[in-house]
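Residue numbers (my numbering), protein chains in the order written: chain A, 115 to 554; chain B, 115 to 554; chain C, 115 to 554; chain D, 115 to 554. Glycine residues also receive a C-beta, built at the ideal position from the N, C-alpha and C atoms. Working notes, structure below.
Protein chains: 4
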Amino acid sequence: MKKNPLKIAVIGGGSSYTPELIEGILVRQDHLPVRELVLVDVPMGAEKVSIIESLARRMAAKAGADIHIHATMDRPSAIRGADFVITQFRVGGLDARAKDESIPLKYDIIGQETTGPGGYAKALRTIPVILDICREIEELAPDAWLINFTNPSGIVTEAILNHTRVKALGLCNVPIGAKKDIAKALKVDFSRVQASFMGLNHMGYIYSATVDGVEVLPQLIEMFDDPPAGVREHLESMTDIIWPMPFLRSLGMLTSPYHRYYYRNRMMLEEEKAHMAEKGSRAMQVKAIEKELFEKYKSPHLCEKPKELEQRGGAYYSEAAISLIDAIYGDKGEIHTVNLQNRGTISNLPYNAVIEANAIIGAGGATPLVIGEMPTRVAGLVNEVKAYEQLAVKAAVEQDYDIALSAMLANPFINDYEVGKTILDELVEAHSPYLDYLKR
Amino acid sequence: MKKNPLKIAVIGGGSSYTPELIEGILVRQDHLPVRELVLVDVPMGAEKVSIIESLARRMAAKAGADIHIHATMDRPSAIRGADFVITQFRVGGLDARAKDESIPLKYDIIGQETTGPGGYAKALRTIPVILDICREIEELAPDAWLINFTNPSGIVTEAILNHTRVKALGLCNVPIGAKKDIAKALKVDFSRVQASFMGLNHMGYIYSATVDGVEVLPQLIEMFDDPPAGVREHLESMTDIIWPMPFLRSLGMLTSPYHRYYYRNRMMLEEEKAHMAEKGSRAMQVKAIEKELFEKYKSPHLCEKPKELEQRGGAYYSEAAISLIDAIYGDKGEIHTVNLQNRGTISNLPYNAVIEANAIIGAGGATPLVIGEMPTRVAGLVNEVKAYEQLAVKAAVEQDYDIALSAMLANPFINDYEVGKTILDELVEAHSPYLDYLKR
Amino acid sequence: MKKNPLKIAVIGGGSSYTPELIEGILVRQDHLPVRELVLVDVPMGAEKVSIIESLARRMAAKAGADIHIHATMDRPSAIRGADFVITQFRVGGLDARAKDESIPLKYDIIGQETTGPGGYAKALRTIPVILDICREIEELAPDAWLINFTNPSGIVTEAILNHTRVKALGLCNVPIGAKKDIAKALKVDFSRVQASFMGLNHMGYIYSATVDGVEVLPQLIEMFDDPPAGVREHLESMTDIIWPMPFLRSLGMLTSPYHRYYYRNRMMLEEEKAHMAEKGSRAMQVKAIEKELFEKYKSPHLCEKPKELEQRGGAYYSEAAISLIDAIYGDKGEIHTVNLQNRGTISNLPYNAVIEANAIIGAGGATPLVIGEMPTRVAGLVNEVKAYEQLAVKAAVEQDYDIALSAMLANPFINDYEVGKTILDELVEAHSPYLDYLKR
Amino acid sequence: MKKNPLKIAVIGGGSSYTPELIEGILVRQDHLPVRELVLVDVPMGAEKVSIIESLARRMAAKAGADIHIHATMDRPSAIRGADFVITQFRVGGLDARAKDESIPLKYDIIGQETTGPGGYAKALRTIPVILDICREIEELAPDAWLINFTNPSGIVTEAILNHTRVKALGLCNVPIGAKKDIAKALKVDFSRVQASFMGLNHMGYIYSATVDGVEVLPQLIEMFDDPPAGVREHLESMTDIIWPMPFLRSLGMLTSPYHRYYYRNRMMLEEEKAHMAEKGSRAMQVKAIEKELFEKYKSPHLCEKPKELEQRGGAYYSEAAISLIDAIYGDKGEIHTVNLQNRGTISNLPYNAVIEANAIIGAGGATPLVIGEMPTRVAGLVNEVKAYEQLAVKAAVEQDYDIALSAMLANPFINDYEVGKTILDELVEAHSPYLDYLKR
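Structure follows, in structure tokens:
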């Protein structure tokens, strides 16, 4: 069947990650015919998006690609008629992130961009905006696919899929990164590796890993037992920690990097506090990195993605996103790990919950592969986190302080009402006007 | 990874279908290295299996294949060390089938090989045998995959998967046949067609059909509205009936050929009665066809599958089975429609129920693609049939007449206790000694 | 706590059953203080309701009760401020029932007032009216309890509870009748007997029966084995049939009278056809009985419920209804068998399905007692009937012919599309204007 | 029906609580005819049980009750033929409890007898013993009811109901105490109050409270807003804390006393540490109280329950237990709050999970009242705690260290692997020989 060339809108187009997306599009020119790429941003990001626009044009020119690339502040015009909308915006920017990281820490609670109270505040800022975007998509591009990167990706996708009619998939670079790390640790080609994820975004357990279809998870787990250099770095990259063997043997699975916050909370808290004292928040470090990056981006001689971008922390984002678009457009039937509605995939999670799982991707979208019942040893934690996530969405959708408080108390990082309420109130205050809807 | 060449055991190797299997193996010689093929049968089938053995050897010789092919009555020796065990036997042979077809009909109830009381009697004869086979596999070839064709395939697979530790997949030629028919009706290449099945064996609803990933089910449904020749025959082949449009619009899906027995029961009963009066049972017709086939098979000049086999009614069995083995052996990641445990695939069927659904096939076996909740308009019937099937298995496993009676009464064809009990008792008597375990 | 005296509105107040209700109220005068009783009917029933009004007043006078009793055609005024609304109306009257009984029979399908196509047509006529009534209750008496008798009581209650905010309980005289029959068969006092029902209205299986808390179901079942006179009649009254022992031993439970239509469908069909040929429809017989009854009711000397009413077939309706009202008003904590939302009571039925089950009744309404998983031997049939019921409600609520057809095909009495569609179309035509909403 | 007089065996008969049980039996003499009461204990408790035996005999004599009361170390003889077995033993005694309370606290984790790592260690010590007892009941008193008090009551009952065939109910004094407190706070008679509990033992949320059937929960919640003396003490007794209003408004329910450990964990930890520093463990305080109590019990002049027992902390245990026995024996149909299998009572907890819920009690045992779906705001925590409990049972039943570790990590008090493993290992060591089965 003949297919039309594509229009892609990138919301948050001024992000420092965008050159990766551009690269991802350009290397697929032969079979993924993008005719128009619109970079949308808000006035606060006008300068950045303009820098990106110029860089993107240079990259396209160098690659000989005939793509109409332009930046705009006019979101509806960008969305109108789009085939794919990619959302990677950050409400409040890195300054807001700095607050998400530092406020909880004042009360001896992990301050983290996507989990705990920090991630919660980010969700509360993001959901109203994403729902606005979805209303526009429903009206102006009802057949478009929304590919969401914006963190906390699982919660944001939960809001989209349970409160709008938009076709959407949530995306994260963790699963693709884990597969890359597995391949490297086992020293086999990436194409021979498959891994199965069970759970939620930033809470995905790897319950199977295969090379050419043969199960290798037990070997992978045993590799954590005093790994040699050349292997250690890849294991560490996968889980951000070399787990002790009794832990892994008891769990029988591998973790995401974010599981450290749940299974080594006390240690991570000490680490975070030390870091904060020493170097300030991660947001501020990223801000410095970004500043440098954009200086580079400005150079009229740069016409490809600079190497430094990889240090930024978002490796494989582009690969995940553009290969997903490619799989939909090309009806590839590939397996990708995405955020979508449960619908029985994991039988002991709510039917409508958004989960992160392997799915077959084709022109019709994503169909998850059945996982069955989660083992009891993780079912409690995953259900708790999902309950928190569903309450977070409900609080934002119903703009209700009582629900917002119950979401905070449902978060596993918070085990004390007084602490939870204090942090919530301080975040609401600090994030004015974004969270004014929770004031009363 | 290097893989060893394969040993395949075919139980019921004297079946007239076996040449299709041989053909399927021979055309895949380059990538599916079969080194040994054992055709197992019972003394009653000694002559037939010997004919098949000779034919198979001639076929292999012609194809230049180095496969050790031999027939045996010694099932354990055939199973020992097998990589795949294919079961396609028929307990009691076609004479038993004739009883399954004729006894219910005496009481104005559909007499059919795989559904209703006839299929039930076949299940009751088959389950004890398949469980014996599975005990042997557990002991002698614990890593083997069992590919079951033996009808009623869904019930037999339910018995295997819920009562043994054998890795098994149930198979049927209906789904692959439907996809072939869809391709022909739409005049597109088979490779571009995908179809999604929901339900049970011989009760699979087609709820999605795509060409290159684009949904075409609504068009397919509308084609039933007075289809022209050249299309009509393919639609008819798919569902064995040209459904009236109000039916299909209300259903919103396509059916299997066996749905006629549920949705046009009265008509089918009249048809069957007329057929029986005119030509005797289908079993007796098949017996005649088989006689002729085996005459052909005997010919020392025949060294390929004869064309006449296709008329026999089992088109694509070989393709379904051998391509499934191929997908497992080659870790293909292809989608096949198989019988396996539900585990949440269809959320409104029991977790452990065996269903027929699309699944990704790889070296680790089959992982079903999530279907979600069946629509209410089919959930009642499918649940009723599944309840009957689970009771049928339970009756055979526990060898309990009361349960056997409740299974009969749970079958949708039976709506009268007196009729159900009469037929059950007559079948038990007629199928002595196979069903003696239900006498009391 | 002091409670106000009650206003009760009876919709369908001109029913021949109403004197039973009056009696039920009058015998509870001391603790159930009814101050106002409004009998609502439609113009077609004006004469009847006026006769009932006079009789009711005479009954109240004789009992020395100070109740304001009046008839009206003005439904909203009757509902306004009511504490209880009792619905016992019949859309289309007995003439419509006659069609429900005779039309299916023309096609060799059971013609029955509450089950099969006949009950379905009644549901389709009733649901639009009950939803109108509920809108009025929501507005004019939002705290009122609706006690629904109108058949098919389970389907009508399903419509109310899933499509309105009215507090409602569905009621049937079968469960109370069964308990009476059990007490009589065992020759113990009714007060010592408890019975547990599992399933749906007119499809309730008795899975436990106790005397003073001691299980007696096995004895009760064995009593069906050639029961002596003095017992036989009570067993027969309970199930409307003396079930053969193999049936009951296989089922392990007792049935309602309506199970005959499912488990002895062929026999019942023959019976019905013979009856119809001999005496015409049951509706016409009831019409004659009613005529006589109303002649009696007219007599100014009659000031109590006449004995003949019991023959009418609705024994214990009044007892069921008024004792239920009494249990709510008096916060009694008694167990009644009612129709209400499942909410997990039976784990293998949909969460929102209306079921018939034992429940604790108090001022807050009804809380069902957990039943758990239905046994497989009944789960299929009950799920099938519930699917039909949910489709029937959906067809009426969405006024959609396609859904109406799928409901008809989902009914276990119908196993042939042609038959089902023919009957549906004929019923829609015959019941004009009530079912005009399904014409297209 | 005539019933036989009862034999009751009390395992842990030397408990200081036993006089309450005796009293409970004696005040029900007229309708609960106990003929034999056997007090079972282990050699370590020989002196205590002998003191209790004498006191119990004096109490019975004073009450004019003809009960054969005797103490024994021979458990099987006590169980043989018992109608009720009450378990209230403490494996390892108060010295073990002192370790449960102090070891976690060393690592800044709540040390508590029934929740957290302390309760977990108690469960691990108790489960092997209770399963031994159940094997004896299965053999020697298969019709007996086991009434379990032994803490953690929910976990112990989970072990019994999922791993033995014993008929058992778990009991706790929290629900009855809460109802008493509600009555006092509202200044109404206890008999007019009903309360509905949702969740688990020591994790029961009060989601409804009624006086004469009228809902009063909202008023109760508002009473926490600066309650006057005379009310305050009863609210405090109910929840062990005066919850701030924003917490209660967000929760919309009332808590058990143990919820403080989950919702005010940090505060409770500080409190516990201060207490421990000041007064030593609660176990040691109880030990002192018990010493005094037993001194009192020894007095030959004491022939009733001494007032001081109430201070001990187990108020209403006797009332809960003996009134439950009374309700079973007398087929009362009363509502009690007990620990039993979920079976769908709470739809978002596992089917076989033991929960604490309201149930109708009669001769046949307990039937829970349907609760439906827990609200999201508590579903996460309750599922997490239940997962921990199920893992705890599994660890004890399978005697598997890996599972024991995963149970510890699943407990909400533990959010750091290192801390969890350290505490587990130290508990296993400290509780030798009871937990030697987890050594490796």
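Item	Value
Coarse secondary structure for residue 342 of chain A, derived from DSSP in three states	coil
Opening and closing residue of the alpha helix (DSSP H) in which residue 598 of chain C lies	Outside the shown range of chain C (115 to 554) lies residue 598 of chain C, about which nothing can therefore be said.
For residue 115 of chain B, the three-state DSSP class (helix, strand or coil)	For residue 115 of chain B, the predicted model reports a pLDDT of 46, less than 50, meaning its position is unreliable; a value from the coordinates is still stated below. In the structure shown, residue 115 of chain B sits in coil (DSSP, three-state: anything other than H, G, I, E or B).
Proximity test, Cβ basis, 8 Å: residue 115 of chain A and chain B	Any reading at residue 115 of chain A needs caution, since the residue's pLDDT is 46, under 50, leaving its predicted position unreliable; the model's value is listed next. At least one chain B Cβ lies under 8 Å of residue 115 of chain A.
Sequence ranges, alpha helix (DSSP H) only - wholly within the segment 306 to 370 of chain A, length at least 4	331 to 337, 346 to 353 and 359 to 365
Residue 516 of chain B, DSSP secondary structure in three states	helix
Reference residue 127 of chain D, options D:294, D:167, D:348 and D:387, closest by Cα	D:167
Beta strand (DSSP E) runs wholly inside the segment 440 to 481 of chain D, at least 3 long, in chain order	448 to 455 and 468 to 476
Interface flag, residue 119 of chain C vs chain D, CB-CB below 8 Å	no
Contact under 8 Å by Cβ, residue 139 of chain A with residue 436 of chain A	yes
Within chain D, partners of residue 533 of chain A - CB distance below 7 Å	380
Proximity below 8 Å, CB of residue 219 of chain C to CB of residue 386 of chain C	yes
Interfacial residues, the segment 359 to 370 of chain C to chain B, with Cβ spacing under 9 Å	360, 361, 363, 364, 365 and 366
CB contact check: residue 445 of chain A to chain B, cutoff 8 Å	yes
Range covered by the beta strand (DSSP E) that runs through residue 123 of chain B	120 to 125
Residue 94 of chain C versus residue 172 of chain C - alpha carbon distance	Outside the shown range of chain C, which is 115 to 554, sits residue 94 of chain C, and nothing can be said about it.
Residue 86 of chain D, buried or exposed, once every other Cβ within 10 Å from all chains shown has been counted against 16	The structure shown does not extend to residue 86 of chain D, since chain D is modelled only from 115 through 554, so no value can be given for it.
8 Å Cβ cutoff, residue 326 of chain B in contact with chain A	yes
Cutoff 8 Å: residue 552 of chain B Cβ touching any chain C Cβ	no
Cβ of residue 457 of chain C within 8 Å of any chain D Cβ	yes
One or two residues paired with residue 148 of chain B in a DSSP bridge	B:120
Selected residue, minimal CA-CA separation from residue 473 of chain C, among C:446, C:465 and C:464	C:446
For residue 391 of chain D, the first and last residue of its enclosing alpha helix (DSSP H)	379 to 393
Beta-carbon neighbours of residue 474 of chain B, restricted to chain A and to distances below 8 Å	449, 474 and 483
Beta-carbon gap between residue 180 of chain C and residue 121 of chain C smaller than 8 Å	no
Alpha-carbon spacing of residue 396 of chain D relative to residue 214 of chain D, whole angstroms	10 Å
DSSP-derived helix/strand/coil call for residue 408 of chain C	helix
Same chain only: Cβ atoms within 6 Å of residue 115 of chain C, ignoring 5 sequence neighbours per side	Note that residue 115 of chain C scores a pLDDT of 46, beneath 50, so its modelled location is shaky; the value from the coordinates is reported in the next line. Excluding residues within five positions, none has a Cβ falling inside 6 Å.
Closest by C-alpha distance to residue 225 of chain C, when choosing among C:379, C:169 and C:424	C:379
Beta-carbon separation (whole angstroms), residue 271 of chain B vs residue 542 of chain B, contact threshold 8 Å	Between residue 542 of chain B and residue 271 of chain B the Cβ distance is about 24 Å, and since that is not below 8 Å, they are no contact.
Residue-chain proximity (residue 272 of chain D, chain C), Cβ-Cβ < 8 Å	no
Length of the line joining the Cα atoms of residue 279 of chain B and residue 349 of chain D	56 Å
Own chain residues within Cβ distance below 6 Å of residue 315 of chain A, not counting five before or after	267, 268, 286, 453 and 470
Proximity below 8 Å, CB of residue 572 of chain B to CB of residue 332 of chain C	No information on residue 572 of chain B is available, as it lies outside the stretch 115 to 554 that chain B covers here.
Contact under 8 Å by Cβ, residue 125 of chain D with residue 170 of chain D	no
Simplified DSSP assignment, three categories, for residue 282 of chain D	strand
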